[in-house]
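Trainee: Sharing a structure, written as structure tokens. Questions coming.
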Amino acid sequence: MTSHQNLEFDIVIVGGGMVGATMASLLRSMSLRIALIDRAKFDEDQFSLQLETSKFDPRVSALTSATKRIFEELDLWKDIQAVRCCDYQNMHVWDADGTGSISFSSNALDQSELGTIVENSVLTAALYKKIVHQENLTVLAPFSIDKLEINDSGSTLTTECGTTIVTRLIIAADGANSKVRELSEFDTREWNYDHHAIVTTVKTEKKHKLTALQRFIETGPLAFLPLSINANDSEQNYCSIVWSSIPDRAEELISLNDEAFCLELGRSIEYRLGTIEWCDKRFAFPLRQRHAIDYVKPNVVLIGDAAHSIHPLAGQGVNLGFMDAAVLANELLHGSEIGRELNDLMVLKRYQRKRIGQNLGMMWMMEGFKHLFAEQALPVRWLRNIGMNGVDNLSVVKNHLVRRAMGLDW
1046 MTSHQNLEFD IVIVGGGMVG ATMASLLRSM SLRIALIDRA KFDEDQFSLQ LETSKFDPRV
1106 SALTSATKRI FEELDLWKDI QAVRCCDYQN MHVWDADGTG SISFSSNALD QSELGTIVEN
1166 SVLTAALYKK IVHQENLTVL APFSIDKLEI NDSGSTLTTE CGTTIVTRLI IAADGANSKV
1226 RELSEFDTRE WNYDHHAIVT TVKTEKKHKL TALQRFIETG PLAFLPLSIN ANDSEQNYCS
1286 IVWSSIPDRA EELISLNDEA FCLELGRSIE YRLGTIEWCD KRFAFPLRQR HAIDYVKPNV
1346 VLIGDAAHSI HPLAGQGVNL GFMDAAVLAN ELLHGSEIGR ELNDLMVLKR YQRKRIGQNL
1406 GMMWMMEGFK HLFAEQALPV RWLRNIGMNG VDNLSVVKNH LVRRAMGLDW
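Quick note on this note's numbering: the sequence shown kicks off at 1046 and runs consecutively.
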């Protein structure tokens, strides 16, 4: 796209990732001039994503029923299913000692699945294929924000190449290290987990049968998420793994050759899927929890990881971001219908009130799980295992927990 020196829009969404692109699509019906800005080059080849057999994106998302409903309303879910995704119907979680465990089943909830594993590249391709034809949207990429000035009537963004963009409302969807959040001087609470997450794709000896596995071991949780080459085929033996570990252990695992890593991985998951026959390239990244004290300021609103980032323990991070986008879109649409300005702080604060409690609740629940399973003192381990087994036998409590995680009881 040819850059211009001076541009003006009603809404500017900064960050063209999955949450930002979803935000843009949710505003498709509004008679506004909307811009979507991203640092990465806008590559139309991603719209016709060609998948390699047995070659998966190492970055995947575990989408909830609530997120699935958003994409159904956007008429996107059928496109995602047509490419590739994998519903999982069961989940088994157990302690390193093997004496405490809990299992979840979609059948117990009268649901067809607990969630759906989708490669991020598949999801992004479906979103961009949709928004590229959106009449009220202009995509500006690659554009990087350098400066931000806010006044009573709106804001002015200045890019690193000198382009100025004037807008009434900025929606920051630019991730955990949000430049907009920094320039707008939002206060945050944050801390390191002192863990790194290792992600890759593996092939297992046994079929996963649409079951997700998670084992809490001394150095951190290990998750196996089922993948399918063909949509929802239970006779598949590929999984995406997320292995959270202390930095020294993560460095050791990354440095292993593929054969040694597969042996260690199989041992750590207690060979529940037999031996690990193959692994793809491994990636590691540090884990950090962060939460903005406020999500809104005059003319600026935070969504997704720009507002909150959590431990990937239950794959909830991106789902919280999608829910942010859906709630904000509803508030902006409602505000427009009753004659409110886009940057009306009352409208924006309605979004904050609806989302901040839900997000904090999920964050503290994940934080509690993380600390609970990190504790190795014998009395705590004994109580933890008793508690897991107790919850597993209390179907009402267990089903309530999983319905919340699935987004069925929002």
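Glycine included, every Cβ here is placed at the ideal spot set by N, Cα and C.
Which class does T1043 belong to by DSSP, given the choice of helix, strand or coil?
Mentor: The chain is shown only over 1046 to 1455; residue 1043 falls outside these bounds and no answer can be derived.
Trainee: Of the residues S1166, N1152, A1111, S1150, which one's Cα is nearest the Cα of R1129?
Mentor: The candidate whose alpha carbon is nearest that of R1129 is S1166.
Trainee: If G1199 sits next to N1051, beta carbons under 8 Å apart, how far is it from one beta carbon to the other, in whole angstroms?
Mentor: That belief does not hold up - the Cβ atoms of G1199 and N1051 are roughly 14 Å apart, past 8 Å.
Trainee: Expressed to the nearest angstrom, what Euclidean distance is found between the alpha-carbon atoms of L1378 and G1384?
Mentor: Whole-angstrom Cα-Cα distance: 10 Å.
Trainee: Within 10 angstroms of the Cβ of M1046, are there 16 or more other Cβ atoms? Answer buried if so, exposed if not.
Mentor: Annotation note: pLDDT 44 at M1046 (below 50); position unreliable, coordinate value reported separately. When all chains shown are included, M1046 counts as exposed.
Trainee: Mind checking D1102: buried by the 16 CB within 10 Å criterion, or exposed?
Mentor: Result: buried.
Trainee: So, helix, strand or coil for W1455, using DSSP?
Mentor: Low local confidence applies: a pLDDT of 48 at W1455 is under 50, so the model's placement there is unreliable, and no value is given.
Trainee: Alpha carbon to alpha carbon, what distance is there between V1372 and K1399?
Mentor: Taking the straight line from one Cα to the other gives about 8 Å.
Trainee: Residue range of the beta strand (DSSP E) that V1167 falls in?
Mentor: Premise fails: V1167 lies in the alpha helix (DSSP H), 1165 to 1176, not in any beta strand (DSSP E).
Trainee: Can you find the residues in the same chain that come closer than 8 Å, C-beta to C-beta, to D1303, ignoring five residues on each side of it along the sequence?
Mentor: Contacts found: W1323, C1324.
Trainee: Under a Cβ-count criterion, where at least 16 other Cβ atoms within 10 Å of its own Cβ denotes burial, should V1177 be classed as buried or exposed?
Mentor: That one is exposed.
Trainee: Might you give, ordered along the chain, the residues of its own chain that have their beta carbon closer than 6 Å to the beta carbon of P1292, omitting 5 neighbours on each side?
Mentor: So the list reads H1241, once near-sequence residues are dropped.
Trainee: For I1291, name the three-state secondary structure that DSSP assigns.
Mentor: Three-state result, I1291: coil.
Trainee: If we ignore side chains and look at the alpha-carbon of each, how far apart do E1194 and S1229 end up?
Mentor: Going from the Cα of E1194 to the Cα of S1229 covers about 8 Å.
Trainee: Can you tell me whether DSSP reads D1303 as helix, strand or coil?
Mentor: The answer is helix: DSSP assigns D1303 an H, G or I state.
Trainee: Determine the DSSP secondary structure at R1114, reduced to helix, strand or coil.
Mentor: Of the three classes helix, strand and coil, the one that applies to R1114 here is helix, per DSSP.
Trainee: When the distance is taken between beta carbons, is A1351 closer than 9 Å to S1189?
Mentor: Result no, Cβ atoms of S1189 and A1351 do not sit closer than 9 Å.
Trainee: Quick one: what does DSSP say I1215 is sitting in, helix, strand or coil?
Mentor: Strand at I1215.
Trainee: Where DSSP assigns a beta bridge to W1236, which residues make up the other side?
Mentor: The partner list for W1236 (beta bridge, DSSP) reads Q1334.
Trainee: If you run the structure through DSSP and keep just helix, strand and coil, what is G1199?
Mentor: Of the three classes helix, strand and coil, the one that applies to G1199 here is coil, per DSSP.
Trainee: On a CA-only basis, which of L1347, V1346, L1365 is nearest I1355? Give me that one, please.
Mentor: Cα-wise, what sits closest to I1355 is L1365.
Trainee: Considering only the alpha carbon of each residue, which of L1298, Q1179, Y1316, S1289 lies closest to E1250?
Mentor: Cα-wise, what sits closest to E1250 is Y1316.
Trainee: CA-CA distance, R1078 and A1085?
Mentor: Those two C-alpha atoms are separated by around 21 Å.
Trainee: What separation, rounded to the nearest whole angstrom, lies between the Cα atoms of R1395 and L1270?
Mentor: The alpha-carbon atoms of R1395 and L1270 are separated by roughly 35 Å.
Trainee: Determine the direct distance from the alpha carbon of D1232 to that of T1201, and round the result to whole angstroms.
Mentor: Going from the Cα of T1201 to the Cα of D1232 covers about 21 Å.
Trainee: Can you tell me whether M1046 is helix, strand or coil according to DSSP?
Mentor: Caution applies to M1046, whose pLDDT of 44 falls short of 50 and renders its modelled position unreliable; the model cannot decide the point.
Trainee: By DSSP, does L1072 sit in helix, in strand, or in coil?
Mentor: Looking at L1072 - three-state DSSP - the assignment turns out to be coil, as it is neither helix nor strand.
Trainee: From L1301, L1255, D1055, Y1283, pick the residue whose C-alpha is nearest to that of N1135; which is it?
Mentor: Per the Cα distances, L1255.
Trainee: Could you have a look at F1367 and say whether DSSP puts it in helix, strand or coil?
Mentor: Three-state DSSP puts F1367 in a helix.
Trainee: From the DSSP output, which residues share a beta bridge with G1319?
Mentor: R1317.
Trainee: Between K1248 and N1282, which are expected to be in contact by the criterion C-beta below 8 Å, what is the C-beta distance as a whole number of angstroms?
Mentor: That belief holds up - the Cβ atoms of K1248 and N1282 are roughly 6 Å apart, short of 8 Å.
Trainee: For K1175, is the classification buried or exposed, using 16 other Cβ atoms within 10 angstroms of its Cβ as the cut-off for buried?
Mentor: Buried, by the Cβ-count rule.
Trainee: Just mark C1206 as buried or exposed, buried being the case when its beta carbon has 16 or more other beta carbons within 10 Å.
Mentor: Under this definition C1206 is an exposed residue.
Trainee: Between which two residues does the alpha helix (DSSP H) harbouring L1228 extend?
Mentor: Residues 1224 to 1228.
Trainee: Measure the beta-carbon distance from I1210 to V1225 and round it to whole angstroms, keeping in mind my assumption that it falls under 8 Å.
Mentor: Contact doesn't hold; Cβ gap of about 12 Å is too wide.
Trainee: Cα separation between V1363 and L1258?
Mentor: One C-alpha to the other measures close to 20 Å.
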